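Colleague: Sequential numbering from 1 applies to the sequence shown in my numbering.
Glycine included, C-beta positions come from ideal geometry on N, C-alpha and C.
If you're wondering where the values come from, they're calculated on a predicted model, not measured in any experiment.
Following this message is one structure expressed as structure tokens.
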Amino acid sequence: MKKRIRGLLLGTAVLFALAGCGSSDGTENITADSAEEYVQAAHEMLEQADSFAAEFRAEVQMKGSDKTVTEGTVELVKAPLYMKVDTVMDFGDLTQEYDMYLEKTEDAVNQYMGYDGEWTEMTMTEEAALTSVQLYHTLYNMETIFSAAKNWTMEEEGKNLKLTGVIPEARFYSVEEYTRWFQLAGMSGLSEVYYAGIGDVPVTVMLDAKTGAPLSYEVDLANALETMTNNVLKELGGGKLENGVEVESYVITSELTQLGDVEAGEIPAEAKSDAINYEREISLLENE
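Structure (structure tokens):
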């Protein structure tokens with residue numbers, strides 16, 4: 001049981017319709033001319049959305065180690081808060097599946113996590129609950145990209161627009177502190193000093209060329225992760241780096257499958273009836 005709980009603790013064509021009369025299919029055509037104008041319009045669409053559904057993928061490849069791939073689906077409704085995250089983590093010779101739900105109650109948020117047929121339950125504030133799953137919050141993470149990235153360029157790819165930019169090194173610590181993109185690599189939450197020298201971080205965003213609606217994002221974290229890891233190893237080595245690591249890839253992508261009009265689902269009955277409640281277990285231990 002303890003091993004399973006530890007496993008839990010270690011471990012996500014937009015349908016957004018715009019009211020208007022800009023085209024024959026009832027959606028409004030965007031009139032932006034520059035990449036920055038497209039970014040601003042897409043950012044506003046994300047801010048106005050009441051919910052979303054998305055697919056998530058993260059790939060980490062360290063030289064000399066097996067590739068780790070995390071894939072999943074995400075659904076979120078802002079109010080009252082509901083979130084569902086189903087993920088599969090592939091470590092090469094081991095696969096683990098996780099299910100997670102957030103459900104707003106009158107005065108808090110319940111988090112249910114399922115792993116290997118067993119469920120745990122925790123109660124927390126809404127802020128804490130969202131922080132714990134920020135990695136999978138495609139909507140807010142795309143907003144963060146639009147707010148922080150610079151030097152946007154764009155090119156057409158069929159019916160889509162491909163926007164590329166960079167998150168400046170000076171801004172990236174605060175961005176990662178919010179997005180928690182390094183969580184799957186075990187490097188989230190480190191001090192800002194370890195971010196020195198990571199360079200600008202490349203990002204790519206796909207938009208619908210006609211409406212400007214956001215479709216997906218990709219962030220390339222390989223160089224940043226390699227630099228951070230070697231900064232940590234250098235400190236542990238007393239200022240010397242003898243055996244540095246090489247990161248071949250660390251890429252996170254997420255594709256919106258629906259933006260707005262997502263309905264909250266049901267929490268599995270077994271999650272509510274069989275879940276281990278951390279607060280209750282700790283209270284019982286303290287009273288023994």
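Answer with buried or exposed for residue 157, where buried requires no fewer than 16 other C-beta atoms within 10 angstroms of its C-beta.
Modeller: By the 10 Å Cβ count, residue 157 comes out exposed.
Colleague: Sort 48, 123 and 185 by Cα distance to residue 66 and report the nearest one.
Modeller: 185
Colleague: For residue 273, count neighbouring Cβ atoms within 10 angstroms of its own Cβ and tell me buried if that reaches 16, exposed if not.
Modeller: exposed
Colleague: Can you list, in chain order, the residues of its chain with a C-beta nearer than 8 Å to that of residue 52? Leave out the 5 residues immediately preceding and following it.
Modeller: 74, 75, 76, 138, 139, 256, 258, 259, 260 and 262
Colleague: Quick one: what's residue 161 bridged to in DSSP?
Modeller: 156 and 207
Colleague: Would you check if the distance between the CB atom of residue 122 and the CB atom of residue 110 is smaller than 9 Å?
Modeller: yes
Colleague: List in chain order: all unbroken alpha helix (DSSP H) runs of 4+ residues lying wholly within the stretch 194–276.
Modeller: 222–236 and 269–274
Colleague: How should residue 269 be labelled, buried or exposed, when 16 other C-beta atoms within 10 angstroms of its C-beta is the threshold for buried?
Modeller: exposed
Colleague: Closest by CA to residue 163, which one among 29, 38 and 28?
Modeller: 38
Colleague: Going by Cα to Cα distance, which pick from 238, 188, 232 and 100 is closest to residue 245?
Modeller: Cα-wise, what sits closest to residue 245 is 232.
Colleague: Buried or exposed, going by whether 16 or more other CB atoms sit within 10 Å of the CB of residue 326?
Modeller: Here the chain has residues from 1 to 288 only, and residue 326 is not among them.
Colleague: So what's residue 172 in DSSP terms, helix, strand or just coil?
Modeller: helix
Colleague: Taking DSSP's pairing of strands, which residues face residue 166 in a bridge?
Modeller: 150 and 202
Colleague: Can residue 35 and residue 119 be called in contact, C-beta distance under 9 Å?
Modeller: Not a contact, by the Cβ cut-off of 9 Å.
Colleague: Assign residue 310 to one of three DSSP states: helix, strand, or coil.
Modeller: The shown model of the chain, from 1 to 288, leaves out residue 310, and the question about it has no answer.
Colleague: Who are residue 110's beta bridge partners in DSSP?
Modeller: DSSP, once it has assigned bridges, lists 103 and 123 as partnering residue 110.
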